[in-house]
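Peer 1: First residue of the sequence shown: 446, per our numbering; consecutive thereafter.
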Amino acid sequence: MFVDMPLDQLRGYLPERPEPADFDAFWDRTLTEARKHDLGAVFTPHPSALTVADVYDVTYAGYGGHPVKGWLLVPRGAQGPVPCVVEYIGYGGGRGLPIDWLLWPSFGRAVFVMDSRGQGAGGWRRGDTADPEPGTGPQTPGVMTKGIGDPDDYYYRRLYTDAVRAVEAARAHPAVDPGKVAVSGGSQGGAIALAAAALVPDLACALVSVPFMCHIRHAVQITDENPYAELAVYCRVFKDRVEEVFTTLSYFDGLNFAARSTAPALFSVGLRDGVTPPSTVFAAHNHYAGPKEMRVYPYNGHEGGESAHAMEQVAFLRAALGA
446 MFVDMPLDQL
456 RGYLPERPEP
466 ADFDAFWDRT
476 LTEARKHDLG
486 AVFTPHPSAL
496 TVADVYDVTY
506 AGYGGHPVKG
516 WLLVPRGAQG
526 PVPCVVEYIG
536 YGGGRGLPID
546 WLLWPSFGRA
556 VFVMDSRGQG
566 AGGWRRGDTA
576 DPEPGTGPQT
586 PGVMTKGIGD
596 PDDYYYRRLY
606 TDAVRAVEAA
616 RAHPAVDPGK
626 VAVSGGSQGG
636 AIALAAAALV
646 PDLACALVSV
656 PFMCHIRHAV
666 QITDENPYAE
676 LAVYCRVFKD
686 RVEEVFTTLS
696 YFDGLNFAAR
706 STAPALFSVG
716 LRDGVTPPST
726 VFAAHNHYAG
736 PKEMRVYPYN
746 GHEGGESAHA
756 MEQVAFLRAA
766 LGA
């Protein structure tokens, strides 16, 4: 069983952030380059037996103009534009099938699901998006060290850029109210939602569940669980590149995104979580600049609060967006 800090310590845990001096300039440059490519969002009606939602197979231009797949589900019979949740996916998974995404349409919200480039063949939900830029140099299996020698080449630069463009694509559909868009995700999806909350300044709210990629160096030091273990394996082999690795990762650490995020946010944490240790989740929450709430699940691990937390999210979103 994984045990991190006591809860009273976690609530006040505010570690220093490993912020590079050009963090903002890096992301401004990245998004400016991405927007030189036409978003080109295409929504193709998708045949479905679902009765609660109309389904669209989506393609839009992400990082580098690369085609990124997604799903858009709009509550059937919706009158006028509706609020939308942009959903990001956990490590190794892809967009799956429309039936996987019925929570938000069941409560009258649209959901835009972003496929994760180069993932979705890792033993669970399938993906349909390639990652045409593999990065440079050797890497451990998985994507954690893909291009890690240079922030410009690193995998998560591409993925987080895709996430910003996903919000733009969701807002491009006439069924979506562009002023009422939220972001959501768990684990890697939580990390992406946290990045999007910083990089898209006018979101309605963010649902950040057991987020990955937060307080990264500390996480690698205290857990042997994947995906953080991929970084430890790489550093064990490339002993002379350890500082280079963590310098790159500082451009993608959720603590730095949290400090720039102002949308109301709901976090969750499982106190027995060895995958995203509680101290890393609380570090992101405690650095979060906007209004925030935390739901703590003392006897849960990386699954977090499961369906009980989903209902907490429904209530939080209703308060943020209106009934």
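Idealized CB from N, CA, C, for every residue including glycine.
Between which two residues does the beta strand (DSSP E) containing Cys650 stretch?
Peer 2: As a first step, residue 650 is located in the sequence shown; it is residue number 205 there, counting from the start. Here the beta strand (DSSP E) through Cys650 covers 650 to 654.
Peer 1: Going along the chain, which residues of its own chain have a beta-carbon closer than 7 Å to the beta-carbon of Gly735, five neighbours each way excluded?
Peer 2: To locate residue 735, count along the sequence shown from 1; it is residue 290. Cβ neighbours of Gly735 beyond the five flanking positions: Ser706, Thr707, Ala708, Pro709, Ala710.
Peer 1: Expressed to the nearest angstrom, what Euclidean distance is found between the alpha-carbon atoms of Ala555 and Asp685?
Peer 2: Reading the sequence shown from its first residue, position 110 is the one you call residue 555. Reading the sequence shown from its first residue, position 240 is the one you call residue 685. Rounded to the nearest angstrom, the two C-alpha atoms are 48 Å apart.
Peer 1: Rounded to the nearest angstrom, what separates Ala615 and Trp472 at their Cα positions?
Peer 2: Mapped onto the sequence shown, residue 615 falls at position 170. Mapped onto the sequence shown, residue 472 falls at position 27. Computed Cα separation, rounded: 21 Å.
Peer 1: Short of 6 Å in beta carbon distance, which residues of its chain neighbour Trp569, apart from the five on each side in sequence? Order them along the chain.
Peer 2: Here the question's residue 569 lines up with position 124 in the sequence shown. Hits under 6 Å: Gly538.
Peer 1: Within the chosen definition, does the segment 579 to 594 reach the segment 674 to 683 through at least 3 CB pairs nearer than 8 Å?
Peer 2: Counting Cβ pairs under 8 Å, three or more are found: they touch.
Peer 1: When burial is assigned at 16 or more other CB atoms within 10 Å of the CB, is Gly592 buried or exposed?
Peer 2: As a working mapping, residue 592 is identified with position 147 in the sequence shown. Gly592 should be labelled buried.
Peer 1: Counting beta carbon pairs with one atom in the segment 566 to 581 and one in the segment 506 to 525, are three or more of them shorter than 8 Å?
Peer 2: The segment 506 to 525 vs the segment 566 to 581: in contact.
Peer 1: Of all the options Val741, Tyr733, Gly746, Asn701, which has the alpha carbon lying nearest to the alpha carbon of Thr721?
Peer 2: What you label residue 721 is simply residue 276 of the sequence shown in a count that begins at 1. Cα-wise, what sits closest to Thr721 is Gly746.
Peer 1: Which one of Phe488, Gln524, Val519, Phe691 has the shortest CA to CA distance from Cys659?
Peer 2: Position 214 of the sequence shown, counted from the start, is the residue given in the question as residue 659. Closest by alpha carbon: Phe691.
Peer 1: Flag this pair as yes or no: are the beta carbons of Ala636 and Tyr458 separated by less than 8 Å?
Peer 2: As a first step, residue 636 must be located in the sequence shown, where it is residue number 191. As a first step, residue 458 must be located in the sequence shown, where it is residue number 13. Going by C-beta atoms, Ala636 is not nearer than 8 Å to Tyr458.
Peer 1: Where do the ends of the alpha helix (DSSP H) carrying Trp549 lie?
Peer 2: Translated into positions along the sequence shown, residue 549 becomes position 104. Its alpha helix (DSSP H) spans residues 548 to 551.
Peer 1: Does the segment 530 to 546 come close enough to the segment 624 to 634 that 3 or more CB-CB pairs lie under 8 Å?
Peer 2: Segments in contact, yes.
Peer 1: Measure from the alpha carbon of Tyr505 to the alpha carbon of each residue in Ala611, Leu652, Leu762, then state which is nearest.
Peer 2: Position 60 of the sequence shown holds residue 505. Of Ala611, Leu652, Leu762, the residue nearest in Cα terms is Ala611.
Peer 1: As a quick exercise: from Arg540, Gly624, Ile661, pick the residue whose alpha carbon is nearest that of Pro723.
Peer 2: Along the sequence shown, read from residue 1 onward, the residue named residue 723 stands at position 278. The shortest Cα separation from Pro723 among Arg540, Gly624, Ile661 belongs to Ile661.
Peer 1: If you run the structure through DSSP and keep just helix, strand and coil, what is Cys680?
Peer 2: Mapped onto the sequence shown, residue 680 falls at position 235. Reduced to three states, the DSSP call for Cys680 is helix.
Peer 1: Report yes if the C-beta distance between Val682 and Tyr673 is below 8 Å; otherwise report no.
Peer 2: For this step, residue 682 is matched to residue 237 along the sequence shown. For this step, residue 673 is matched to residue 228 along the sequence shown. No. Outside cutoff.
Peer 1: Between the C-alpha atoms of Thr725 and Tyr696, what's the straight-line distance to the nearest angstrom?
Peer 2: By 1-based counting over the sequence shown, the position of residue 725 is 280. By 1-based counting over the sequence shown, the position of residue 696 is 251. Answer to the nearest angstrom: the Cα atoms are 16 Å apart.
Peer 1: Which residues bound the alpha helix (DSSP H) around Leu694?
Peer 2: Here residue 694 refers to the residue found at position 249 when the sequence shown is read from its first residue. Per DSSP, Leu694 belongs to the alpha helix (DSSP H) from 687 to 695.
Peer 1: If His491 sits next to Val500, beta carbons under 8 Å apart, how far is it from one beta carbon to the other, in whole angstroms?
Peer 2: Taking the sequence shown and counting its residues from 1, the one referred to as residue 491 is at position 46. Taking the sequence shown and counting its residues from 1, the one referred to as residue 500 is at position 55. At roughly 4 Å, the Cβ-Cβ gap stays under 8 Å, so His491 and Val500 are in contact.
Peer 1: Residues in its own chain within less than 7 Å of Leu476 by CB, not counting five upstream and five downstream?
Peer 2: For this step, residue 476 is matched to residue 31 along the sequence shown. Cβ within range, chain order: Thr606, Val609, Leu644.
Peer 1: Look up Lys737 in the DSSP assignment and give the residues it is bridged to.
Peer 2: Residue 737 sits at position 292 when you count from the first residue of the sequence shown. Its beta-bridge partners are Ala710.
Peer 1: Which of the three DSSP states is assigned to Phe488 in this structure?
Peer 2: Position 43 of the sequence shown holds residue 488. It is a strand residue.
Peer 1: Shortest alpha-carbon distance to Ala642 belongs to which of Thr590, His618, Leu700?
Peer 2: The count along the sequence shown starts at 1 and reaches residue 642 at position 197. Nearest C-alpha to Ala642: Leu700.
Peer 1: Going along the chain, which residues of its own chain have a beta-carbon closer than 6 Å to the beta-carbon of Phe510, five neighbours each way excluded?
Peer 2: Counting from one through the sequence shown, the residue named residue 510 turns up at place 65. The residue you asked about is not Phe; residue 510 is Gly in the sequence shown. Excluding positions up to five away in sequence, the list reads His482.
Peer 1: In this structure, how does DSSP classify Asp499 when only helix, strand and coil are distinguished?
Peer 2: The residue given as residue 499 occupies position 54 in the sequence shown. Strand, per DSSP.
Peer 1: Less than 8 Å between the C-beta atoms of Tyr742 and Val714, yes or no?
Peer 2: One-based indexing of the sequence shown puts residue 742 at position 297. One-based indexing of the sequence shown puts residue 714 at position 269. Yes. Within cutoff.
Peer 1: Considering only DSSP beta bridges, list what Ala640 is partnered with.
Peer 2: Start at 1 with the first residue of the sequence shown, and residue 640 comes out as number 195. Partner(s): none; Ala640 has no beta bridge.
Peer 1: Pro619 and Pro526: beta carbons closer than 8 Å?
Peer 2: On the sequence shown, position 174 is the one that residue 619 refers to. On the sequence shown, position 81 is the one that residue 526 refers to. In this structure, Pro526 lies closer than 8 Å to Pro619 by Cβ.
Peer 1: Phe557 lies in the beta strand (DSSP E); which residues open and close that run?
Peer 2: Stepping through the sequence shown from its first residue, residue 557 is reached at position 112. Unbroken beta strand (DSSP E) run through Phe557: 555 to 559.
Peer 1: Kindly indicate which three-state DSSP category Tyr599 falls into: helix, strand or coil?
Peer 2: For the purposes of this step, residue 599 is taken as residue 154 along the sequence shown, with counting starting at 1. Three-state result, Tyr599: coil.
Peer 1: First and last residue of the beta strand (DSSP E) that includes Trp516?
Peer 2: Counting from 1 along the sequence shown, the entry for residue 516 is found at position 71. That run of the beta strand (DSSP E) goes 512 to 520.
Peer 1: In this structure, what does DSSP give as the bridge partners for Thr504?
Peer 2: For the purposes of this step, residue 504 is taken as residue 59 along the sequence shown, with counting starting at 1. BP columns for Thr504 point to Val487, Lys514.
Peer 1: Hey, Leu484 and Glu613: beta-carbon distance below 8 Å or not?
Peer 2: Residue numbering aside, residue 484 sits at position 39 when the sequence shown is read from its first letter. Residue numbering aside, residue 613 sits at position 168 when the sequence shown is read from its first letter. In this structure, Glu613 lies closer than 8 Å to Leu484 by Cβ.
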